[in-house]
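Inspection log for the structure reproduced underneath, given as structure tokens.
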Amino acid sequence: MQNPLGLDDISGRIDTATGGLRMRRLRQHDWSRRLVRETEVSANDLIWPIFVREGDGNDQPVPSMPGVFRMSVARCVEAARAARDLGIPVIALFPYTEGTRRDEMGSEAFNPGNLVCRACRAIKETVPQIGIMTDVALDPYTSHGHDGILVDGRIDNDRSVEALMRQALVQAEAGCDIVGPSDMMDGRVALIRQALDAAGLRDTLIMSYSAKYASAFYGPFRDAVGSGGILKGDKRTYQMDFGNADEALREATQDLAEGADMIMVKPGMPYLDIVSRLSRELGMPTFAYQTSGEYAMIMAAAGNGWLDGDKAMMESLAAFKRAGAAGTLTYFAPRVAEALGRR
Ligand code: PBG
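Using my numbering, read the sequence shown as starting at 754 and increasing by one per residue.
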């Protein structure tokens, strides 16, 4: 075939231009692509967030998160067993709290018999092989939906930290392995570490939500935990401004100095630059949270037939790993693990 520009020896010219390095050569076969692949997601990279609810009824669907359910403690134990069998190392528990159990102070957070604590005990008893992470923040328990305590209309940092310490303690005493402070108060990692150590809970790990941005991508989660309609205002006085990156480095550096064992970036996909920067510059296990909003976007597009949901899911998980994440919190966790198992 005559080439349209009438140039002769196209192949020779290309070899001259590329120096003979034809990048497509390695992409020809499935085997050669597999051979040179730089990163690969495994079930070991997954943390599965699940929603616990009171009672022993059926799973309740979360409308804005197709495929995600609020489950009774007994069903959470089954989920933990399924996760273990799929090779998922950790599940993260989040409570759905009805309005009647919420108050100004979020005091249900440090009730040793609260839903999360009961779920921890039940899972530890039946499925001791799986790691349990719990969220340290008051928003599932406050009547105003904020992560801290309001004093004269402002979130009071130090009173909030006091409550968060008590919350972390009851969770650790109930057997959780990792506490995850997601509240973004100053000094909370240090004081939680001190409180745990003083109680003889030296082995409880802290995964700090270090770079947690005030984000629109948490919307469906707030529905799932029952905070959606009740949040007054927004969280911009404690969660980070999405224009900032250097600040994320300062936050994470400080959390590590205060005793965090692992750090996290949240949301995930819109903040891969932050994941990459923290993991490379700090060299500590860095996690990404693929938030409810990110999950909802993929599910909604897939539900409309606008993209292939399974493929988008696997690609998104690969992106976190490639950016340097040690692992990802994702509502897709069991689906990813199943897909990996089929390969
Ligand atoms: C609570 C908390 C939130 C999420 C995890 N822990 C919501 C928020 O800060 O408003 C979001 C999780 C998600 O969107 O999947 N502080």
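Each residue gets a CB set at the ideal place from its N, CA and C atoms; glycine is no exception.
None of the values given here were measured: they were computed from a predicted structure.
Residue environment, residue i, which counts as buried when at least 16 other CB atoms sit within 10 Å
i       : result
Asp1008 : buried
His782  : exposed
Arg946  : buried
Asp956  : exposed
Thr850  : buried
Arg855  : buried
Arg907  : exposed
Asn867  : buried
Thr895  : buried
Arg975  : buried
Arg1095 : exposed
Met776  : exposed
Trp801  : buried
Ser795  : exposed
Gly1062 : buried
Gly840  : exposed
Arg1003 : exposed
Asn910  : buried
Ser1069 : buried
Pro893  : buried
Ala1010 : exposed
Lys1064 : exposed
Residue i CB to nearest heavy atom of the ligand PBG below 8 Å
i       : result
Asp892  : yes
Thr1044 : yes
Arg975  : yes
Gln924  : no
Ser961  : no
Tyr1084 : yes
Ser817  : no
Gln920  : no
Pro842  : no
Phe822  : no
Tyr971  : yes
Tyr1048 : yes
Ser935  : yes
Pro715  : Given a span of 754 to 1096 for the chain in the structure shown, any question on residue 715 remains unanswerable.
Asp900  : yes
Pro1020 : yes
Gln992  : yes
Asp888  : yes
Pro881  : no
Ser1069 : no
Lys988  : yes
Ser913  : no
Lys985  : no
Pro802  : yes
Lys1074 : no
Ser896  : no
Lys965  : yes
Ser980  : yes
Alpha-carbon spacing of residue i relative to residue j, whole angstroms
i       : j       : result
Ile803  : Ser764  : 56 Å
Ala835  : Thr879  : 12 Å
Gly859  : Val821  : 25 Å
Ser980  : Pro973  : 10 Å
Asn997  : Thr769  : 44 Å
Arg787  : Glu793  : 9 Å
Val843  : Ile883  : 6 Å
Gln920  : Asp900  : 12 Å
Val1089 : Asp838  : 13 Å
Ala967  : Leu758  : 54 Å
Lys1074 : Asp905  : 43 Å
Gly773  : Arg790  : 22 Å
Glu1091 : Asp761  : 52 Å
Ala1055 : Gly986  : 32 Å
Ala1005 : Tyr1042 : 15 Å
Contacting residues, own chain, Cβ-Cβ under 6 Å from residue i (five flanking each side not counted)
i       : result
Ile931  : Met886, Leu958 and Met960
His941  : A small correction: the amino acid at residue 941 is Arg; His does not occupy that position in the sequence shown. Val914, Leu917 and Pro934.
Pro819  : Met1052
Arg778  : none
Arg823  : Phe804, Arg806, Gln813 and Tyr849
Ser817  : Pro973, Asp976 and Ala1049
Asp994  : none
Leu1060 : Ala1054
Cβ neighbours of residue i in the same chain (closer than 7 Å, five flanking residues each side left out)
i       : result
Gly1077 : Val1028, Ser1029, Ser1032, Arg1033 and Thr1039
Val826  : Val805, Arg871, Ala872 and Ala875
Glu1047 : Phe970, Pro1020, Gly1021 and Met1022
Asn756  : Ile763
Ala833  : Ile844, Ile876, Val880 and Ile883
Chain-order list of residues whose beta-carbon lies under 8 Å from that of residue i (same chain, five-residue window excluded)
i       : result
Cys873  : Leu846, Ile885, Thr887, Gln924, Ala927, Gly928 and Cys929
Ala952  : Leu922, Ala925 and Glu926
Ala1079 : Asp798, Met1015, Ser1032, Pro1038, Thr1039 and Phe1040
Thr1044 : Ser968, Phe970, Tyr971, Phe974, Lys1019, Pro1020 and Gly1021
Chain C within 9 Å of residue i, Cβ atoms only
i      : result
Met886 : The chain labelled as chain C is not found in the depicted structure, where only one protein chain is given.
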